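**Q** Those sequence lines, one after another, are chains A and B. Residue 1 is where the first sequence starts when you use the numbering used here, and the numbers rise one by one after that. Residue 1 is where the second sequence starts when you use the numbering used here, and the numbers rise one by one after that. Quick one: the structure is below, questions incoming.
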Amino acid sequence: MIEERRILYEHLDVPDINTFDVFRQYDGYTRFEKAITEYQPDDIAKMVMDSGLKGRGGAGFSTGLKWSFVPRDIKPCYLCCNADESEPGTFSNRYVLEKNPHLLIEGILICCYAMGIETTYVYIRGEFTLGKQMLDAAIKEAYEQGYLGKDIRGTGLNIDIYSHPGAGAYICGEETGLIESLEGKRGQPRNKPPFPAVEGVFGKPTVVQNVETLCNLPFIVGNGVEWYTQMGPTYADTRSDPPTPDPNTGTKLYCISGDVNEPGVYELDLGLTCSELIEVAGGLRGEEVKAVIPGGSSAPILTHYELDTRLDFTSLTLAKSMLGSGGIIVMNETRNIVDCLLNIMKFYAHESCGQCTPCRWGTPWVRDIVQRIADGNGRKSTMTRPKFGVAENGRWGDTGETEDIYEDLDLLESVANNIANVDTMTWNTICVFGIAVSWPAVSYMRKFRPEFEAAIREGKLVTLPVAEATVPPEENYAYQQRFVPKEFADL
Amino acid sequence: MAFVKLNDLEIEVEDGTNVVEAARQHGIEVPHYCYHPGLTRPANCRMCLVEPHVFFPPAGAIVPDRQLATGCTTVLRTAPPDRKLDGKYDFIVRTDSERVKKARADILEFLLVHHPLDCPVCDQAGECDLQDYSHRHGYDKSRYLEIKNVPPKKDLGPDVLLYATRCVVCTRCIRFADEVSGTGELGLVHRGSHDEIDIPRSHEGVPLQVLDNKLAGNVVDICPVGALISKDFLFKSRPWFLEKANSVCSGCSVGCNITVEYKADGVYRLKPRFHEDINQHWMCDDGRLGYHYVNSDDRLQLPLKRVDDELTPTHWADALAVITENVSEIEAEDIVVIGSAQGTNEDNYILQQLAHDMLKTTQLGLFGQLPGEEHKFPQFTIEADKNPNAAGARTILGSGNGNVVLEGEALWEKVSDAKVVYLVSGGPERPLEDAEKAALERVDFLIVQDVLPSEVTQLADVVLPGTTFAEKDGTFTNSTGWVQRIRKTIDPPGEARVDWEIMQQLAKQLGGEMNYHFAGEIALAIAENVPGYADATHQKIGDMGIKLSL
Chain A
1 MIEERRILYE
11 HLDVPDINTF
21 DVFRQYDGYT
31 RFEKAITEYQ
41 PDDIAKMVMD
51 SGLKGRGGAG
61 FSTGLKWSFV
71 PRDIKPCYLC
81 CNADESEPGT
91 FSNRYVLEKN
101 PHLLIEGILI
111 CCYAMGIETT
121 YVYIRGEFTL
131 GKQMLDAAIK
141 EAYEQGYLGK
151 DIRGTGLNID
161 IYSHPGAGAY
171 ICGEETGLIE
181 SLEGKRGQPR
191 NKPPFPAVEG
201 VFGKPTVVQN
211 VETLCNLPFI
221 VGNGVEWYTQ
231 MGPTYADTRS
241 DPPTPDPNTG
251 TKLYCISGDV
261 NEPGVYELDL
271 GLTCSELIEV
281 AGGLRGEEVK
291 AVIPGGSSAP
301 ILTHYELDTR
311 LDFTSLTLAK
321 SMLGSGGIIV
331 MNETRNIVDC
341 LLNIMKFYAH
351 ESCGQCTPCR
361 WGTPWVRDIV
371 QRIADGNGRK
381 STMTRPKFGV
391 AENGRWGDTG
401 ETEDIYEDLD
411 LLESVANNIA
421 NVDTMTWNTI
431 CVFGIAVSWP
441 AVSYMRKFRP
451 EFEAAIREGK
461 LVTLPVAEAT
471 VPPEENYAYQ
481 QRFVPKEFAD
491 L
Chain B
1 MAFVKLNDLE
11 IEVEDGTNVV
21 EAARQHGIEV
31 PHYCYHPGLT
41 RPANCRMCLV
51 EPHVFFPPAG
61 AIVPDRQLAT
71 GCTTVLRTAP
81 PDRKLDGKYD
91 FIVRTDSERV
101 KKARADILEF
111 LLVHHPLDCP
121 VCDQAGECDL
131 QDYSHRHGYD
141 KSRYLEIKNV
151 PPKKDLGPDV
161 LLYATRCVVC
171 TRCIRFADEV
181 SGTGELGLVH
191 RGSHDEIDIP
201 RSHEGVPLQV
211 LDNKLAGNVV
221 DICPVGALIS
231 KDFLFKSRPW
241 FLEKANSVCS
251 GCSVGCNITV
261 EYKADGVYRL
271 KPRFHEDINQ
281 HWMCDDGRLG
291 YHYVNSDDRL
301 QLPLKRVDDE
311 LTPTHWADAL
321 AVITENVSEI
331 EAEDIVVIGS
341 AQGTNEDNYI
351 LQQLAHDMLK
361 TTQLGLFGQL
371 PGEEHKFPQF
381 TIEADKNPNA
391 AGARTILGSG
401 NGNVVLEGEA
411 LWEKVSDAKV
421 VYLVSGGPER
431 PLEDAEKAAL
441 ERVDFLIVQD
451 VLPSEVTQLA
461 DVVLPGTTFA
471 EKDGTFTNST
481 GWVQRIRKTI
491 DPPGEARVDW
501 EIMQQLAKQL
511 GGEMNYHFAG
521 EIALAIAENV
531 PGYADATHQK
541 IGDMGIKLSL
């Protein structure tokens with residue numbers, strides 16, 4: 001039986017942990033004190049780099065590397081804490097904000113010390129009223145106790161934290177959208193480059209970090225890099241010679257929802273498989289797993305053939321999906337994938353910021369196509385065409401058979417790929433919202449094509465048995481390049 | 001200079017040029033909507049996607065970059081020696097690869113999903129970027145079966161209408177209002193596919209602010225589609241029926257470069273023309289809408305003479321005879337000749353010669369529109385002097401030997417003592433101030449040359465019908481010393497004649513030997529005789545003007 005490894009959430013259930021006194025009893029702020037007394041700022045940055053900590057917000061970009069891009073000679077430099085947690089299926093930051101806000105403040109302090117930052121903005125999702133209340137109270141206490149403000153603990157450090165509520169747009173969770181919103185403008189992502197590390201809030205270098213990433217910092221400083229890197233796998237990146245280590249270290253707050261018996265947030269080492277995770281969450285509710293969304297609603301879906309995929313940044317990337325924010329949604333055999341896709345597409349069509357052309361007008365179009373299929377008005381041609389698949393010679397090509405033409409499925413795939421091409425991973429949009437739309441659209445459609453075809457054929461939503469609804473890996477070119485990464489130690 | 005490989009061309013461009021401009025300089029079109037050289041670059045239309053090439057170490061070769069880049073934000077700069085591609089190129093970019101072509105077509109497909117097919121009734125048809133690019137780069141049919149968005153048509157301000165269905169949300173108009181006029185009346189409302197350009201409104205839809213600044217008309221010009229429409233031009237003409245001539249605005253002393261668009265029956269609209277040092281891409285609405293007097297039905301079409309205290313139409317020979325009769329007996333000290341700041345340099349030169357050589361007077365004056373208000377915008381200024389050629393007229397009139405050019409009170413004092421006054425006006429109707437009126441009333445014989453009946457012509461003994469800026473060739477000198485050309489577009493109404501021709505005819509009548517055939521000939525004489533104007537011949541001035549070296 002796999003046990004939770006609670007680090008960030010260790011003291012989450014302690015009564016009144018949100019107050020300074022109780023937090024202090026549980027080593028609160030000692031890690032920050034250790035940082036400022038024992039280490040130079042550059043040491044901390046190096047520790048973070050060595051720890052292999054990857055940003056927990058979604059992209060999984062190495063935090064240490066991100067910090068190294070920030071020019072040290074341009075001041076002021078800002079820290080933006082991204083607490084605009086709005087990915088459907090994700091709810092881990094909320095608990096930190098509501099129950100243990102001092103942990104976040106400590107993480108912010110360490111980051112500010114390492115990067116020489118004096119001003120931090122915490123951009124909180126507008127709906128998190130309790131979270132903002134708790135954080136504001138904690139910030140007030142920290143000021144009173146001398147951990148924030150001028151000349152902190154007599155070290156000469158000046159650090160201020162401002163909390164800023166969002167106004168309810170999903171896109172403001174994108175780092176440059178967040179910065180625009182923070183500056184008081186319409187929440188629309190910026191063109192990159194320049195990246196926020198060079199030109200962010202008010203045109204100054206800015207570090208944008210997720211709540212969970214910052215909460216990892218006290219433990220990296222407190223317990224050391226060696227302790228931290230023991231958790232989670234380190235893969236070998238064989239694209240370079242010799243292979244370089246690709247760390248997926250630490251724990252992750254997995255938000256498990258959907259058809260499991262005990263949904264909730266579970267803190268586990270990175271690198272567990274899908275099926276292990278379902279076990280941790282009290283097992284499946286229902287007969288069998290039909291599909292798993294591994295990283296929030298924008299991640300490509302996994303089928304029951306892929307339940308052995310390890311849920312970490314590298315493995316999921318190689319499985320052509322992503323860990324994203326760790327919002328895992330499990331679906332059992334009663335779920336209709338067309339319906340699920342419709343639900344997700346409605347969300348994205350509503351949340352597209354409308355700044356750039358493909359996303360503004362492509363997203364509602366995709367939604368409308370899925371809606372049409374779900375309504376039973378999907379179009380099927382009376383003609384047939386050669387079927388592509390694994391041919392006799394074992395390669396992908398013309399199989400010699402014919403297949404029906406489902407015009408709307410072709411259209412759906414084409415329109416989604418015109419927003420962002422999931423095969424080449426290129427997008428014509430300004431930000432990655434485009435790929436967040438076409439990923440689910442194309443992956444659901446390719447992996448559960450029989451169910452889409454049935455909906456068009458029958459003129460209504462038809463939930464097929466799992467085995468029938470899923471395209472086997474060998475017949476689906478979305479799987480073609482999939483391989484299992486090797487751990488660095490095994491080489 | 002950056003050495004760039006653009007498609008198969010090897011070109012040199014200045015550092016800081018973007019791909020769209022570099023391509024345009026070499027005759028390659030990179031389609032774009034949101035990019036405008038006078039505004040910031042949000043790169044939101046995604047139409048100008050191009051394919052940069054990068055060095056890919058594992059392959060040891062230069063390959064197309066993984067992502068396409070927007071041409072408007074891809075800036076070409078000299079690369080450090082160790083970063084040169086192929087040992088010599090600072091940048092390699094293709095605008096014609098299959099990937100780029102597909103991306104363009106795909107973006108156009110998205111742009112057209114909600115765009116109505118109302119080209120037959122759309123004012124922009126014929127000069128519409130969406131039409132042109134769809135034709136050149138788009139697919140030939142739509143795959144969109146769903147219902148189109150139909151946002152309502154809106155009245156944004158005194159001269160601007162928004163046909164929101166046609167909008168492609170490029171935000172050029174919003175950026176113009178923010179950056180150039182600095183008035184910020186426009187913004188986006190709603191989100192996603194419901195994005196609409198709008199002015200601030202209360203919840204009930206009542207406008208809280210309207211697009212009513214003096215530069216508002218420019219948003220119509222920069223709108224790449226038919227979304228923002230000028231009420232002044234709405235349904236007047238198809239743009240392809242209009243002829244165009246490069247000219248200069250006569251609304252104030254800035255001298256904005258414009259294109260006069262006209263048909264045989266009149267001027268239809270004025271549009272700004274790019275000039276780096278004067279007006280960039282813009283012009284003000286006073287100038288833009290100030291052409292209506294040219295088409296006025298009230299225009300003076302025949303010479304008038306006073307018979308029994310009534311102005312009566314007559315013919316040119318009679319009018320000139322009356323003038324000759326009244327002028328020849330008068331002493332030179334009693335004659336005042338007043339040139340017009342609305343007239344061209346050529347008009348004023350002939351007038352100066354007429355005064356100096358034939359009437360033997362050195363008492364000249366300058367008459368023009370009353371000064372207005374100065375308006376300063378972040379990137380544009382409308383000057384208080386409402387005459388296009390005050391600077392030029394002043395210099396030219398004063399160029400004769402011993403000439404004195406009087407203005408304001410001094411002029412009217414002199415006029416009140418004079419027996420004969422020859423006053424050239426022109427331009428839109430100008431009200432007279434009391435002192436001016438009093439002075440002119442005391443003149444025995446007043447000759448007025450104007451284009452519209454006005455308070456001045458009411459006082460005149462002889463009225464000569466002249467021409468507006470749209471009906472003659474010539475040059476204007478603006479307040480910063482730029483000499484620029486205006487061009488004849490339409491014919492003068494009725495018997496009206498080009499101003500300098502009238503003056504020349506009068507000079508001949510008085511026994512002079514002037515014999516100019518066209519304005520350019522006069523400009524040559526000006527170049528010879530007026531200090532500072534040595535280079536100001538029509539050939540050298542061309543379309544972009546020259547700056548006087550004073």
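Even glycine gets a Cβ: it sits at the ideal position worked out from N, Cα and C. Quick caveat, the model's predicted, so the values are computed rather than measured.
Along the chain, where does the alpha helix (DSSP H) containing ILE44(A) start, and where does it finish?
**A** Per DSSP, ILE44(A) belongs to the alpha helix (DSSP H) from 41–51.
**Q** Checking 8 Å against the spacing of the C-beta atoms, do GLY343(B) and GLY426(B) come in under that value?
**A** Contact: yes.
**Q** Just the chain B side, please: which residues come within less than 7 Å of GLY362(A) by C-beta, in chain order?
**A** Going along chain B in sequence order, the residues near GLY362(A) (Cβ under 7 Å) are PHE110.
**Q** How should ASN100(A) be labelled, buried or exposed, when 16 other C-beta atoms within 10 angstroms of its C-beta is the threshold for buried?
**A** Buried: at least 16 other Cβ atoms inside 10 Å.
**Q** Out of ASP491(B), GLN509(B), ASN529(B), ASN478(B), point me to the one whose CA is closest to LEU548(B)'s CA.
**A** Nearest of ASP491(B), GLN509(B), ASN529(B), ASN478(B) to LEU548(B), Cα basis: ASN478(B).
**Q** Would DSSP call GLN458(B) helix, strand or coil?
**A** Residue state, collapsed to three classes: helix.
**Q** Would you identify the three-state DSSP class for SER479(B), choosing helix, strand or coil?
**A** In this structure, SER479(B) counts as coil in the three-state DSSP scheme.
**Q** Check distances from the C-beta atoms of the stretch 171–203 of chain B to those of chain A and list, in chain order, the residues that come in under 7 Å.
**A** Those would be LEU188, ARG191, GLY192, SER193, ASP195, in chain order.
**Q** Helix, strand or coil for TRP427(A) per DSSP?
**A** Of the three classes helix, strand and coil, the one that applies to TRP427(A) here is strand, per DSSP.
**Q** Under 9 Å, CB to CB, which of the residues in the stretch 55–76 of chain B have a partner in chain A?
**A** Answer in chain order: PRO58, ARG66, GLN67, LEU68, THR70, THR73.
**Q** Cβ of THR234(A) within 8 Å of Cβ of GLU474(A)?
**A** Contact: no.
**Q** Does the separation of the CB atoms of PHE202(A) and GLU183(A) fall below 8 Å?
**A** Yes, these two residues count as a Cβ contact at 8 Å.
**Q** On the DSSP bridge list, what partners appear for VAL337(B)?
**A** In DSSP, VAL337(B) forms a bridge with LEU364(B), TYR422(B).
**Q** For TYR144(B), return the contacting residues in chain A, with the cut-off set at a CB-CB distance below 8 Å.
**A** By Cβ distance, chain A contributes TRP365.
**Q** With 16 as the cutoff for other CB atoms within 10 Å, does GLY408(B) come out buried or exposed?
**A** When all chains shown are included, GLY408(B) counts as exposed.
**Q** Helix or strand or just coil, what does DSSP make of SER512(A)?
**A** Given a span of 1 to 491 for chain A in the structure shown, any question on residue 512(A) remains unanswerable.
**Q** Just to confirm the assignment: which complete beta strand (DSSP E) runs, minimum length 3, are found wholly within the stretch 77–162 of chain A?
**A** Runs of the beta strand (DSSP E) inside the stretch 77–162 of chain A: 78–83, 119–124, 149–152.
**Q** Taking the alpha carbon of GLN554(B) as the point to measure from, which residue in ASN389(B), PRO224(B), ARG288(B), PRO207(B) has its own alpha carbon closest?
**A** Absent from the model: residue 554(B). The displayed extent of chain B is 1 to 550, so no value can be given.
**Q** Less than 8 Å between the CB atoms is what I'm expecting for SER253(B) and ALA391(B), so what's the real figure, rounded?
**A** Contact holds; Cβ gap of about 7 Å.
**Q** For the stretch 339–357 of chain A and the stretch 305–316 of chain A, state whether three or more C-beta atom pairs, one from each stretch, are separated by less than 8 Å.
**A** As far as the Cβ criterion goes, the stretch 339–357 of chain A does not touch the stretch 305–316 of chain A, which means the pair count is below three.
**Q** For PRO205(A), count neighbouring Cβ atoms within 10 angstroms of its own Cβ and tell me buried if that reaches 16, exposed if not.
**A** Burial call: buried.
**Q** Nearest chain E C-beta to LEU8(A) closer than 8 Å, yes or no?
**A** This model lacks chain E altogether; the protein chains it does include are A and B.
**Q** Is DSSP giving GLU451(A) helix, strand or coil here?
**A** If DSSP states are grouped into helix, strand and coil, GLU451(A) belongs with the helices.
**Q** Taking its Cβ as the centre, do 16 or more other Cβ atoms sit within 10 Å of ASP434(B), making it buried, or is it exposed?
**A** ASP434(B) should be labelled exposed.
**Q** Does DSSP put ALA471(A) in a helix, in a strand, or in coil?
**A** The sequence given here places Val at residue 471(A); Ala does not occur at that position. Residue state, collapsed to three classes: coil.
**Q** Measure the Cβ-Cβ separation of PRO37(B) and GLU12(B) and say whether it is below 8 Å.
**A** In this structure, GLU12(B) does not lie closer than 8 Å to PRO37(B) by Cβ.
**Q** Would you kindly work out how many angstroms separate the C-alpha atoms of TYR143(A) and GLY149(A), rounded to a whole number?
**A** Answer to the nearest angstrom: the Cα atoms are 6 Å apart.
**Q** At a Cβ threshold of 8 Å, is LEU411(A) touching chain B?
**A** True, the Cβ-Cβ gap to chain B drops below 8 Å.
**Q** Quick check on PRO472(A) - is its C-beta less than 8 Å from some C-beta in chain B?
**A** False, the Cβ-Cβ gap to chain B never drops below 8 Å.
**Q** Name the two residues that bound the continuous beta strand (DSSP E) containing TRP316(B).
**A** Note, TRP316(B): premise wrong, no beta strand (DSSP E); alpha helix (DSSP H) at 316–327.
**Q** So, is the C-beta of CYS45(B) closer than 8 Å to a C-beta in chain A?
**A** Answer yes: the Cβ-Cβ gap between CYS45(B) and chain A drops below 8 Å somewhere.
**Q** How far does the beta strand (DSSP E) with LYS290(A) in it reach, from first residue to last?
**A** Segment 289–293, the beta strand (DSSP E) holding LYS290(A).
**Q** Considering only the beta carbon of each residue, do ALA455(A) and ILE373(A) sit closer than 8 Å?
**A** Cβ distance < 8 Å, so ALA455(A) and ILE373(A) count as in contact.
**Q** Which runs of the beta strand (DSSP E), 3 residues or longer, sit entirely within the stretch 185–241 of chain A?
**A** Whole beta strand (DSSP E) segments, 3+ residues: 206–210, 234–237.
**Q** What residues from chain A crowd round ILE107(B), counting only those whose CB sits closer than 7 Å?
**A** In chain order: THR357, PRO358, ASN428.
**Q** Less than 8 Å separating the beta-carbons of SER325(A) and THR176(A)?
**A** It is not a contact, given that the beta carbons lie outside the stated cut-off.
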